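Student: Encoded as structure tokens, here's the structure I'll be asking about.
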Ligand code: PEP
Ligand code: CO
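In my numbering, the protein residues as written are 129 to 574.
Written out as structure tokens, the structure is:
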């Protein structure tokens, strides 16, 4: 294996990268990015890796979620608090269901770059570069907006830092105090056959918290108010990732300090490709998305490449097969990993394999299929003697209408009311909470 450096990926084929017209500006922006302070620290990264090792051993459950693509405009107090709130609520419901601690990881504070099926987009005989996320260019279809602008890398770092600053303050203060009844908005549950069950779960959670408070008294109060929260994003825009990848004092190796847990997307998981080359050398825990096209040999090679030392908690395999394919595709991949004696975190992304387009041309996903992929994944893991260690959602804390189904029975025709995603459809607040309640019920049943 050739020696690794934060820049060694430049010798490899790098898919999904923008072509910056102005090399000097790119150089200047990356130099600026490289001298700014880190967004996260090596000790936080190590603590997440250790927690993920616990997930792999079955001692905890992983919840990863957030927007498909964050936008710079959404860096607002409401958007951030509502995302954090739904993630915390879901995690509590899952703690109750799984009877295990939940490791919370947002797709947040850096999820700004998107892979696209084509480099170019054509409209009315005009051809422009595709929109690749706010980190790269802007979405309006004009020459100016679509030209990749390297200063957006710096702006993205700044937006990530503003987001993270607020999250850290919230997670450290009373915001996460889920003992307040107004914290739980179960309006939607009235529409569901499961409403009594939901209310019972929430009542039980509240009761347990009160009980713990009585037992623990003042000693426990601070720990109920403070929660650990980690960040993740797809490590797609390699120049951005590289600029924040450094050595830190008193530790070996390099850390990508732009996020705790970068992941390799499905389109850029080639063993010899630039993204795998970059990720193999950083010390962070990493995710790898695996879709229906993944095969046994490819998966084993990937694991050998990114985790030769078999570091506990290093790799989370995020399978996204689709409800229709998970039973045919997943068992073989699980066996391949078992056969080489590796322990990984298995996590299900039930979103990306279940995307459809409505007659009106909107991308959507059905609540029932999303849940079905998780339930089938649980069955496959049970039958294989492995464990579904976590779930990965595209979701938001707001009342958007992007996915159909759920207790309110959103239909295709309702989607245009509040369809805001620029990329993939997300579960809204109610759908996300309901999803957690459904999974928790299932986890409890074993
Ligand atoms: C995503 O997570 O938004 C994504 C693009 O996923 P995948 O690489 O699995 O298609
Ligand atoms: Co997506």
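In this text, a Cβ means the ideal position worked out from N, Cα and C, and glycines have one as well.
Being a predicted model, the structure only gives us computed values, none of them experimental.
1) May I ask you to check if the CB of residue 531 is nearer than 7 Å to at least one heavy atom of ligand 2?
2) Counting along the chain, where does the alpha helix (DSSP H) carrying residue 364 start and finish?
3) For residue 439, which option in 235, 470, 198 has the closest C-alpha, if you only look at C-alpha atoms?
4) When every heavy atom of ligand 2 is checked, does at least one fall within less than 7 Å of the C-beta of residue 150?
5) To the nearest angstrom, report how far apart residue 163 and residue 486 are at their CA atoms.
6) For residue 192, does the three-state DSSP call read helix, strand or coil?
7) Smallest Cα separation from residue 489: which of 367, 530, 459?
8) Would you tell me roughly how many angstroms separate the C-alpha atoms of residue 289 and residue 202, rounded to the nearest one?
9) Helix, strand or coil: which one does DSSP assign to residue 302?
10) Any residue with its Cβ nearer than 5 Å to a heavy atom of ligand 2 should be included. What is that list in chain order?
11) For residue 145 versus residue 366, is the C-beta spacing smaller than 8 Å?
12) Going along the chain, which unbroken runs of the beta strand (DSSP E) with 3 or more residues stay wholly within the region 455–534?
13) Could you pull out every residue in the same chain whose Cβ sits closer than 7 Å to the Cβ of residue 559, ignoring the five residues on either side in sequence?
14) Kindly indicate which three-state DSSP category residue 390 falls into: helix, strand or coil?
15) Which one of 291, 266, 421, 442 has the shortest CA to CA distance from residue 179?
16) Under the rule that 16 or more other beta-carbon atoms within 10 Å means buried, what is residue 211, buried or exposed?
17) Is the beta carbon of residue 445 sitting closer than 8 Å to the one on residue 468?
18) Using a Cβ distance threshold of 8 Å, determine whether the region 533–551 contacts the region 213–221, with at least three qualifying pairs required.
19) Heavy atom of ligand 1 less than 7 Å from the Cβ of residue 422, yes or no?
20) Can you tell me the Cβ-Cβ gap for residue 266 and residue 242, rounded? I've got them flagged as a contact below 8 Å.
21) So is residue 302 buried or exposed if we call it buried at 16+ other beta carbons inside 10 Å?
22) Quick check: what's the CA-CA separation for residue 157 versus residue 382?
23) Measure the alpha-carbon distance for residue 543 versus residue 208 and round it to whole angstroms.
Tutor: Here's the rundown:
1) In this structure, residue 531 has its beta carbon at no less than 7 Å from each heavy atom of ligand 2.
2) From DSSP, residue 364 is part of no alpha helix (DSSP H); its letter is neither H nor E.
3) If we check each option's Cα against that of residue 439, 470 comes out closest.
4) No.
5) Spanning the two alpha carbons is a distance of roughly 46 Å.
6) It is a strand residue.
7) Here the closest residue by C-alpha is 530.
8) Taking the straight line from one Cα to the other gives about 14 Å.
9) Residue 302 falls in the helix class under three-state DSSP.
10) Having a Cβ closer than 5 Å to some heavy atom of ligand 2 are 196, 552.
11) Result yes, Cβ atoms of residue 145 and residue 366 sit closer than 8 Å.
12) For the region 455–534, whole beta strand (DSSP E) runs of length 3 or above, ordered along the chain, are 473–476, 483–485, 491–493, 518–522.
13) Once the five neighbours on either side are set aside, the close Cβ partners of residue 559 are 495, 531, 534.
14) The answer is strand: DSSP assigns residue 390 an E or B state.
15) Here the closest residue by C-alpha is 442.
16) Looking at its Cβ environment, which holds 16 or more other Cβ atoms inside 10 Å, residue 211 is buried.
17) In this structure, residue 468 does not lie closer than 8 Å to residue 445 by Cβ.
18) Taking one beta carbon from each stretch, the region 533–551 and the region 213–221 have fewer than 3 pairs nearer than 8 Å; the two do not touch.
19) For ligand 1, not one heavy atom lies less than 7 Å from the Cβ of residue 422.
20) Not quite, the Cβ-Cβ distance comes to about 13 Å (not below 8 Å), so this is no contact.
21) Flag for residue 302 reads exposed.
22) Straight-line Cα distance between these residues: approximately 21 Å.
23) Rounded to the nearest angstrom, the gap between the Cα atoms of residue 543 and residue 208 is 23 Å.
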